[in-house]
Amino acid sequence: MRGWSFVWSAPRGAVIGSAVGDALGAPFEFGPEGAFTDRFPAPGHGGEMCGGGGWEPGEATDDTQMAVLVAESLVEYGGLELPDVFRRFQRWAAAEPKDIGLQTEAVLSSGDPWDTAAALHFQVNQRAAGNGALMRAAPSAVHFAVRGRHATMDAARRLAALTHGDRAAWEGTAVFHELVRVALAGDDPLDAVKATLGAVHPDHRPRYTTVLAPDWHPDQATEFNGAVWPCLGSAVWALRTTTSYETAVRAAIDLGGDTDTVAAVTGGLAGAVYGVAAIPERWTAPLHVPLPGFAGRVLTAADLADLTRLLTG
């Protein structure tokens with residue numbers, strides 16, 4: 062058993078922890094392995110919210126921006142209102158955010174209805190197993206956690222399907238939802254991996270069993286970590302091989318590649334495990350989440366805490 066946090070600390074840890082990981086990882090995206098530690102050799106010395114690559118220090122990317130849109134829809138409607146989530150995504154995408162996944166942009170700009178756009182895109186392109194649904198899942202994982210395994214995994218699949226037609230993306234997001242749910246209940250999500258895999262669709266279970274195995278290492282990935290399987294596997298690996306929120310996120314960014322999203326997923330898991338108090342204040346203080354298309358709104362860590370309270374109310 063790790064140093065679990067109080068119940069209220071854990072949901073905030075998941076939501077804010079994901080956003081912090083996103084903002085920390087953004088300047089290192091598509092860079093080499095070990096770049097974060099090369100620049101910041103020792104934990105705790107500060108300066109890590111450095112910005113760069115078009116990002117301000119502490120600025121969250123599309124990962125957290127879309128997560129906030131999901132969260133605010135859940136709060137307004139008290140649960141899933143999928144057409145509303147899709148409309149919010151479309152409004153955001155039309156405002157030309159700094160970063161948006163090519164697949165997500167294609168789906169949101171297609172003009173197709175909310176309930177068929179992703180499926181139609183997948184039928185044509187046969188490529189929709191990116192991590193773009195997984196990256197935004199921390200708030201929805203928190204919201205649905207109280208409803209149990211089936212409900213939280215089902216909600217994850219339905220939200221993922223808005224932009225990703227490949228069931229692989231649905232299943233990875235569902236696994237993340239369930240592992241966060243376990244952590245919020247005060248149990249070790251690593252102990253729940255086997256049972257969670259049993260709830261994964263049989264067609265996708267073998268691949269997730271591979272990347273979530275205790276002896277799997279991200280170096281063994283057969284795809285770039287922008288794909289959903291190695292992204293989730295890398296986040297679980299980072300949690301498994303470290304002992305704090307800070308060291309887990311550092312390990313995730315040091316993998317290189319899609320650093321903002323791998324760190325966002327890691328930060329959501331680690332934040333749920335260790336609680337919001339484990340996230341360094343030097344990281345939360347500069348955190349800010351712009352919302353293109355929404356009247357110039359910019360959310361702070363305090364705003365994310367308030368949003369989390371509403372998600373769990």
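In this note's numbering, the protein residues as written are 62 to 374.
The C-beta atom is built at its ideal place from N, Cα and C for all residues, glycine as well.
Excluding the 5 residues preceding and the 5 following A154 in the sequence, name in chain order all residues of the same chain whose CB lies nearer than 7 Å to its CB.
I161, E166, L169, S170, listed in sequence order.
Using the three-state DSSP reduction, which class does E120 fall into: helix, strand or coil?
strand
Endpoints, the alpha helix (DSSP H) within which T257 is located:
Note, T257: alpha helix (DSSP H), 254-258.
Runs of alpha helix (DSSP H) lying entirely within the region 154-195, each at least 4 residues, in chain order:
163-169, 178-186
Could you tell me the distance, in whole angstroms, from the CA atom of G114 to the CA atom of D123?
14 Å
Identify every residue that forms a DSSP beta bridge with L13.
Only positions 62 to 374 of the chain appear in the structure, and residue 13 is not among them; the question remains open.
Contact between the region 91-102 and the region 350-370 (3+ Cβ pairs under 8 Å):
no
Helix, strand or coil: which one does DSSP assign to G82?
helix
Element boundaries [alpha helix (DSSP H), containing E307]:
306-314
Give me the Cα-Cα distance between D315 and E94, rounded to the nearest whole angstrom.
Approximately 5 Å between the Cα atoms of the pair.
Is it buried or exposed for N186, if we count other Cβ within 10 angstroms and need 16 for buried?
exposed
Assign D280 to buried or exposed, taking buried as 16 or more other Cβ atoms, counted over all protein chains shown, within 10 Å of its Cβ.
exposed
On the DSSP letters alone, give me the boundaries of the alpha helix (DSSP H) that M110 sits inside.
That residue, M110, is in no alpha helix (DSSP H); it is neither H nor E in DSSP.
Rounded straight-line distance, which links the Cα of A222 to that of L141:
13 Å
Reduced DSSP category for A216 - H, G, I as helix; E, B as strand; rest coil:
The DSSP-derived three-state label of A216 is helix.
For P104, collect the residues of the same chain with a Cβ closer than 7 Å to its Cβ; drop the 5 residues on either side in sequence, then sort them by chain order.
E307, T308, R311
Euclidean distance between Cα positions of V136 and L85
Straight through space, the alpha carbons of L85 and V136 are spaced by roughly 27 Å.
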